[in-house]
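Have a look at the structure below, then the notes.
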Amino acid sequence: MTTAPKIALVTGATQGLGLALVEGLAERLSPADTVYLTGRDPDRVAAAVGSIPGSGAQVRGEVLDVAQPSAAERLAARLRERHGGVDIVFNNAVMRVGPDDDPRAIVDEYVEVNNFGITRVLRAFAPLLRDGGRLIVVASSLGTLYYLAPVLHDRFDGLTSLDEVDKQVVAWRDAVRDGSARAGAWPGFVNIPSKIAQVAAVRALAHQRRDDDAARGILVAAACPGMMNTPTSALWWDVSTAPSPARAAGPVLGLALDPIDPDHYGELVRNGRRLPWAP
Numbered sequence: 001m002t003t004a005p006k007i008a009l010v011t012g013a014t015q016g017l018g019l020a021l022v023e024g025l026a027e028r029l030s031p032a033d034t035v036y037l038t039g040r041d042p043d044r045v046a047a048a049v050g051s052i053p054g055s056g057a058q059v060r061g062e063v064l065d066v067a068q069p070s071a072a073e074r075l076a077a078r079l080r081e082r083h084g085g086v087d088i089v090f091n092n093a094v095m096r097v098g099p100d101d102d103p104r105a106i107v108d109e110y111v112e113v114n115n116f117g118i119t120r121v122l123r124a125f126a127p128l129l130r131d132g133g134r135l136i137v138v139a140s141s142l143g144t145l146y147y148l149a150p151v152l153h154d155r156f157d158g159l160t161s162l163d164e165v166d167k168q169v170v171a172w173r174d175a176v177r178d179g180s181a182r183a184g185a186w187p188g189f190v191n192i193p194s195k196i197a198q199v200a201a202v203r204a205l206a207h208q209r210r211d212d213d214a215a216r217g218i219l220v221a222a223a224c225p226g227m228m229n230t231p232t233s234a235l236w237w238d239v240s241t242a243p244s245p246a247r248a249a250g251p252v253l254g255l256a257l258d259p260i261d262p263d264h265y266g267e268l269v270r271n272g273r274r275l276p277w278a279p
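Take the sequence shown: its position 170, counted from the start at 1, is 170 in UniProt numbering, and no numbers get skipped.
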C-alpha cells in the first residue's frame, strides 16, 4: 500500500524553537514529505531554509505574517490546491516582549500576533487536516487558570468557539490599552492572559471537533516547551542552565510524530504530561 507524502507547516520558524521544529520534522520525516518553514520576512525565511541540512524531508519556505487578517487563509488555500490537505501544523509565531515594554503601547500588535494570529491559523488549517493529522499550538505553562485571579476565570473557562475567545481577548486588550486593567484583577504581565487565551482557543476548537477528530485519529492540543535558553528569555530570567531550543523541541515534536495519547486531546501538554486547566 502506498502512503501519501506528509505535509507539515510551522509558523514563526525562522529562529529558535520554530526553526528547531522544522529541523526535527525534516530529520524524522521521509524525503517524499514536505515541511513548510514560514515567517513574515522573506529574507529570513530564505536564510532559514538554506540552513536546514539537505537530508530528510524537503523544506520549502513560505511568507506568512499571522498578524495579517487573511494571510493564513490565503496560504491554506495554496496548500489545499497543491496537496489536498495537511498532516502536521505547529503554530509557533509569537511577538516577544521585554521588561521595559509598556503593555499599553504594545498590546495591539502583541494580540494581533499572539492571539488573533493563532485563531486565524486554527480557522484556516483545521479544516485541511487529513486523517491522523496533528494541530499543535505552542503555548506555555502560564496558560492555565491557576495564574489568573478567580474572579476572571469565567472570562476564558468553558468557551466553545473561537469567536468567543476572540471576544474575550478584545475585552482584555482594550482594558490594557485604556489602563483599566491595571486597576482591576488582571495580571500586569501580558503574557499570562495571552497564554491563557491561547489554550482557551485550543480547548474551544477541540470542543467543536472532538467526536470527529477521535474517529479520524486527529490530535488538537497545546504544547508547553518549557524554559529555553534564548536571548529573549534571558531578558526576564537566568536561563544559563535551560535547554536549547533544539532540545526543548523534542517533546513537542513527539506530539506530532508519536502515537496519540487520547488524554492530550484539547489540553495543554508539557513533556508528555497534561497540565491541569483549572486549579
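Heads up, the beta-carbon is just placed ideally off N, CA and C, and yes, glycines get one too.
With a contact defined as Cβ atoms closer than 8 Å, LEU37 and VAL59 qualify at about 6 Å.
Per DSSP, reduced to three states, the secondary structure at ASN191 is helical. Residue environment: ARG155 is assigned as buried (16 or more neighbouring CB atoms within 10 Å of its CB, all protein chains considered).
When DSSP states are grouped into helix, strand and coil, ASN91 belongs to the strand group. For ILE52, the secondary structure class from DSSP, reduced to helix, strand or coil, is coil. Counting along the chain, no alpha helix (DSSP H) covers ILE218, and no H or E run does either. A Cβ-Cβ distance of about 6 Å is found for the pair LEU255 and ALA223, placing them in contact under the 8 Å criterion. According to DSSP, residue pairing for ARG134 in a beta bridge involves ILE88, LEU219. Rounded to whole angstroms, GLU109 and ALA139 show a C-alpha spacing of 18 Å. Burial check for ALA149: the Cβ neighbour count within 10 Å stays below 16, so the residue is exposed. When DSSP states are grouped into helix, strand and coil, VAL107 belongs to the helix group. Residues CYS224, GLY226, LEU268, ARG270, LEU275 of the same chain have their beta carbon placed closer than 8 Å to that of SER141, with the five preceding and five following residues left out of the count.
In the structure shown, LEU159 falls within a coil segment according to DSSP collapsed to helix, strand and coil.
Note on ALA67: 16 or more other CB atoms within 10 angstroms of its CB, so buried under the neighbour-count rule. CA-CA distance, ASP157 to GLN15, rounds to 33 Å. For GLY266, there is no enclosing alpha helix (DSSP H), as DSSP gives it neither H nor E. Looking at the backbone, the Cα of THR241 and that of ALA248 are separated by about 12 Å.
Nearest Cα to ARG104 within the set ILE192, ARG177, ASP213, VAL190: ARG177. Taking 8 Å as the cut-off, the Cβ atoms of VAL113 and VAL94 count as close. With 16 or more other CB atoms across the displayed protein chains lying within 10 angstroms of its CB, LYS6 is buried. Of the residues PRO99, ILE260, PRO69, ALA46, the one whose Cα lies closest to the Cα of ILE218 is ILE260.
Counted as a single uninterrupted DSSP element, the beta strand (DSSP E) harbouring ARG273 occupies residues 273 to 275. THR34 is bridged by DSSP to ILE7, GLN58.
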